[in-house]
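Residues 1 to 361 (full-length UniProt numbering) are what the sequence shown spells out, left to right.
Note that the Cβ used here is the ideal one computed from N, Cα and C, for glycine as well.
These notes are about the structure you will find just below.
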Amino acid sequence: MKNNNQPLIWILRFIVSALFIFSAISKLIPSIAAFEHQLVVQNITNICFAPILARVVIAAEFFLGIAFLQNHYFKKFILPAMFLMLLGFCIHLSYQIFLHGDSGNCGCMGDLIPMTPSQALIKNVVTLGILVYIYTKTQVAKANQHRYPLAILLVCFGFVFWKYQPECGCDTAEILTPPAPVIERIIQIDTVYVDKTTLNKKGKTGTEVKPSDKKPQTDAVVLPPEPAVPTVQRRTSIFAPYTNFSTGTTNLDAGRQIVCLFNVECDHCMHTAKEICELNKTTKLPPVHIIFWGEESQKDAFFKFAGCTFPYAFVEATKFFRLLDKAPSPPRIVVLNEGNIVGDFSSETFSKAALVDATKK
């Protein structure tokens with residue numbers, strides 16, 4: 001018997017397919033490093049395996065989205081695999097809402113369409129309902145040929161891992177360096193006592209030494225003063241490799257420093273930079289250095305909005321998002337003292353008073 005629902009089924013299949021393909025593309029824009037960072041921040045994996053897992057998820061979405069439009073192993077494998085993947089997303093989103101509440105961008109559609117966890121959960125539940133409907137209205141193909149879905153699988157994974165080759169994400173920064181040896185100054189003092197010779201009552205010559213008459217003559221060797229020893233134990237921070245800035249070279253682990261991680265297109269970053277500029281005019285702050293991500297041509301507009309300029313350097317997306325660490329998104333403002341992080345702020349936690357307090361630690 002002819003199935004009168006076939007046009008509707010194919011429309012739904014196109015919608016679901018487009019949804020998965022768009023989801024994969026959105027995770028690549030503006031950079032796959034942003035999706036890697038989301039996986040780390042949400043505690044799905046660590047920084048070592050995030051590059052691999054990110055590409056596996058994206059390649060799987062490409063594969064399922066494309067394979068959803070062909071009939072080979074559709075009901076036996078493709079549709080159930082898509083259902084299980086969405087179900088896994090739903091479980092993860094529910095867990096995130098339970099732990100952290102319904103706030104922030106879940107990363108399901110990258111930065112193209114920011115979605116809260118609850119919005120993404122609703123989208124996935126609706127898609128699961130569509131998949132159930134398609135499953136009940138679709139018959140198993142009589143002749144399945146595995147070479148078609150297998151070819152799609154190989155092409156999708158090959159493209160993603162070749163075009164976006166993963167880099168080792170393991171970070172060996174924050175290594176504690178041994179404290180600098182403290183050399184105590186030794187002062188050698190030569191003391192000479194002058195003996196007083198007297199005649200005793202019996203007429204004999206003798207030597208009388210009176211403690212009160214001791215007059216020491218001191219020859220002291222005074223060493224020159226030594227450089228001040230840091231009051232805190234010096235560490236090597238994750239910012240130590242970044243020494244070249246627009247005004248010259250610097251050591252971010254020497255003394256007190258303020259390091260800002262900004263995206264030149266980020267509104268929160270621009271407003272935070274403006275607050276730091278205002279604060280720098282009224283308060284003596286430690287040296288401020290900015291590590292940018294984005295198009296260097298946009299830095300002038302950024303500094304014009306901020307109201308001042310600081311030494312800056314541009315880095316690629318992969319390095320930038322690793323420097324964000326646990327910050328969900330830029331900006332990140334870090335106060336360092338001899339490489340030790342004494343203040344760490346995101347857009348939600350930053351304030352002028354908090355920054356000033358951190359610089360005094």
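- Burial check for residue 325: the Cβ neighbour count within 10 Å reaches 16 or more, so the residue is buried.
- Annotated as proximal: residue 275 and residue 352, with beta-carbon spacing under 7 Å.
- Out of 80, 236, 106, 356, the CA that lies nearest to the CA of residue 43 is found in 106.
- Relative to residue 109, the option among 120, 78, 277 whose CA is nearest is 120.
- Between residue 333 and residue 350, the C-beta gap is smaller than 7 Å, which places the two residues in contact.
- Of the other Cβ atoms in all chains shown, fewer than 16 fall within 10 Å of the Cβ of residue 147; this residue is therefore exposed.
- Between the C-alpha atoms of residue 58 and residue 285 there is a straight-line separation of about 44 Å.
- Cβ neighbours of residue 61 within its own chain (closer than 6 Å, five residues either side excluded): 20, 23, 24.
- Each of 246, 240, 166, 261 was checked against the Cα of residue 252, and the nearest Cα belongs to 240.
- DSSP assignment within the stretch 217-304 yields the following whole alpha helix (DSSP H) runs of 4 residues or more, N-terminal first: 267-282.
- Residue 55 sits close to residue 166, with the two beta carbons spaced by under 7 Å.
- Every alpha helix (DSSP H) of 4 residues or more that sits fully in the stretch 113-177 is shown, in chain order, as 117-137, 147-163.
- Three or more beta-carbon pairs separated by less than 8 Å are not found between the stretch 301-310 and the stretch 34-42, which leaves the two stretches without contact.
- Counting only the Cα atoms, residue 87 lies some 19 Å from residue 102.
- Under the three-state reduction of DSSP output, residue 111 falls in the coil class, being neither helix nor strand.
- The alpha-carbon separation between residue 355 and residue 279 amounts to approximately 9 Å.
- Bridge partners of residue 344 according to DSSP: 334.
- The bridge partners DSSP lists for residue 314 are 292.
- A residue is called buried when at least 16 other Cβ atoms come within 10 angstroms of its Cβ; residue 100 does not meet this threshold and is exposed.
- Within a 10 Å sphere around the beta-carbon of residue 48 sit fewer than 16 other beta-carbons, which makes this residue exposed.
- In this structure residue 291 does not touch residue 327 by the C-beta definition: roughly 13 Å separates them, more than the 8 Å allowed.
- Under the three-state reduction of DSSP, residue 33 is assigned to helix.
- DSSP, read as helix, strand or coil, puts residue 26 in helix.
- 114 is the residue among 68, 267, 91, 114 whose C-alpha sits nearest the C-alpha of residue 35.
- No residue range can be given for residue 327, since it is assigned to no alpha helix (DSSP H) and is classified by DSSP as neither H nor E.
- Membership of residue 58 in the alpha helix (DSSP H) is indicated by the continuous run 50-67.
- Excluding the 5 residues flanking it on each side, residue 266 has same chain C-beta neighbours closer than 6 Å at 330, in chain order.
- Look at residue 102 here: in three-state DSSP terms it is coil, with no helix or strand label.
- The DSSP-derived three-state label of residue 339 is coil.
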